[in-house]
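Numbering (the working numbering), first residue to last: 218 to 639.
For glycine and all other residues, C-beta sits at the position ideal for the given N, C-alpha and C.
All values reported here derive from a predicted model rather than from experimental measurement.
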């Protein structure tokens with residue numbers, strides 16, 4: 218007969234494996250598409266407009282579907298909602314490989330809906346299942362998301378050359394299906410307190426976060442951070458080529474910028490969760506962004522140095538924003554609602570970034586004005602971040618005591634079942 222200690226250890230393993238399989242499926246379906254766009258356009262005979270829509274759809278889906286996730290999780294429970302999300306990702310990826318243009322777009326939307334659902338529920342899972350390890354759990358999630366996205370982009374072309382672009386995309390349906398199977402087990406079998414029940418795992422909301430200045434600060438910080446990341450990922454190669462760098466070198470710069478975000482995805486949440494307030498981190502990131510963007514604008518001959526510095530900032534800012542979703546929430550219910558609100562606003566705002574920079578470049582014929590816009594956006598990003606980083610909870614107007622520890626937000630009766638990382 219298994220002892221209590223053995224059952225608890227098994228519960229930790231299941232929970233941790235569930236978090237791993239959830240987060241590795243939240244970027245790959247998006248990032249594997251970019252390197253294959255030329256092949257996709259040629260095979261499906263897409264127009265330039267259709268190709269632009271295809272590349273914009275994932276980010277728009279992340280915002281459009283995020284608003285509905287908390288209500289879905291309240292009705293079904295967290296585990297069934299995540300199971301459904303991973304199934305949508307697997308089905309959407311599979312559909313994209315069918316020999317129909319409509320299937321390509323429909324599959325992208327379906328996969329985007331699943332990714333949006335998973336994105337929103339990650340902070341709720343961390344708050345509920347890893348309440349005493351918020352920094353480490355969030356760091357693990359961010360690292361896995363960044364790593365799987367980088368791997369998917371890196372192997373897309375080699376696999377596409379060997380087996381076709383359809384196979385290069387379809388391969389990512391397998392981990393999504395595996396994740397759905399595991400979360401289905403967690404939803405139907407009892408592996409520890411809270412698992413296997415069809416309870417509304419993230420609770421019923423009280424009041425509206427739309428009236429909370431702190432919630433809007435978190436949402437604005439996430440939105441501007443995401444906008445700057447997607448805008449730079451889209452246009453930095455063009456900016457560097459305009460400064461005289463080759464296409465290969467410009468592409469390598471973007472790769473380095475994205476790669477630097479992998480270790481920072483773990484380091485930043487761990488540091489943020491250990492601090493009583495995160496305002497020093499917000500100020501440090503602002504200083505680094507201003508320095509690097511101003512350097513690219515005024516001293517492009519040192520572009521490699523500026524890009525590396527910028528990579529540290531962009532690779533840290535998004536994990537910090539995701540950590541704030543959890544730290545500013547008193548329980549999993551609020552974490553899910555805040556995550557849904559922030560990601561709806563944030564990704565819809567982020568979706569305008571690449572288009573806005575491209576339009577400014579078209580109108581002005583230079584990249585200086587778009588870079589100046591990014592510099593100007595550091596101001597509202599920092600202002601929102603400083604408010605979001607204060608040691609408050611979104612439904613608690615009084616400051617937390619100075620020695621506040623993030624884990625204390627998970628008090629008895631708020632769904633804490635212990636850490637899966639201990």
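Going by other Cβ atoms of all chains shown within 10 Å of its Cβ, with 16 needed for buried, is residue i buried or exposed?
i           : result
residue 226 : exposed
residue 386 : buried
residue 365 : buried
residue 632 : Its pLDDT being 37, under 50, residue 632 is placed unreliably in this model, and the coordinates cannot settle the point.
residue 379 : exposed
residue 602 : buried
residue 244 : buried
residue 419 : Here residue 419 scores only 47 on pLDDT, less than 50, and its place in the model is too uncertain to base an answer on.
residue 250 : buried
residue 463 : exposed
residue 271 : buried
residue 287 : buried
residue 558 : buried
residue 421 : Unreliable positioning characterises residue 421 in this predicted model, as indicated by a pLDDT of 44, which lies under 50. The coordinate reading is nonetheless provided below. Counting Cβ neighbours within 10 Å, residue 421 comes out exposed, since fewer than 16 surround it.
residue 391 : exposed
residue 490 : buried
residue 640 : Residue 640 lies beyond the residue range present for the chain, which begins at 218 and ends at 639; the question has no answer from this structure.
residue 444 : buried
residue 353 : buried
residue 265 : exposed
residue 428 : exposed
residue 465 : exposed
residue 497 : exposed
residue 580 : exposed
residue 316 : exposed
residue 292 : exposed
Near residue i, which residues of its chain fall below 7 Å by C-beta distance, leaving aside the five closest residues on each side in sequence?
i           : result
residue 507 : 592, 595
residue 384 : 376
residue 529 : 477, 481, 505
residue 403 : 231, 235, 296, 412
residue 551 : 611, 612
residue 273 : 568
residue 571 : 447, 448, 451, 452
What does a CB cutoff of less than 8 Å around residue i pick up in its chain, not counting 5 residues either side in sequence?
i           : result
residue 461 : 517
residue 277 : 329, 564, 565, 568
residue 430 : 604
residue 526 : 505, 508, 509, 512
For residue i, which residues from the same chain have a beta carbon less than 6 Å from its beta carbon, with the 5 sequence-adjacent residues on both sides left out?
i           : result
residue 482 : 359, 360, 363, 536
residue 442 : 534, 535, 538
residue 437 : 601
residue 439 : 538, 559, 563
residue 240 : 358, 361, 362
residue 523 : 509, 512, 513
residue 618 : Unreliable placement is indicated for residue 618, whose pLDDT of 45 sits below 50; no coordinate value is reported for it.
residue 484 : none
residue 268 : 258
Taking a contact to mean a Cβ-Cβ separation below 7 Å, would you say residue i touches residue j in this structure?
i           : j           : result
residue 454 : residue 473 : no
residue 434 : residue 555 : no
residue 400 : residue 310 : no
residue 236 : residue 299 : no
residue 313 : residue 321 : yes
residue 382 : residue 256 : yes
residue 396 : residue 242 : yes
residue 282 : residue 333 : yes
residue 355 : residue 583 : no
residue 514 : residue 574 : no
residue 308 : residue 327 : yes
residue 487 : residue 606 : no
residue 393 : residue 303 : yes
residue 252 : residue 374 : yes
residue 561 : residue 290 : no
residue 398 : residue 553 : no
residue 318 : residue 261 : yes
residue 586 : residue 576 : no
residue 599 : residue 520 : no
| Are at least three pairs of beta-carbons, each pair with one atom in the region 564-576 and one in the region 445-456, less than 8 Å apart? | These segments touch.
| message | Check whether the region 368-375 and the region 546-559 touch, using three or more Cβ-Cβ pairs below 8 Å as the test. | response | In short, these stretches do not touch, since the Cβ pair count stays below three.
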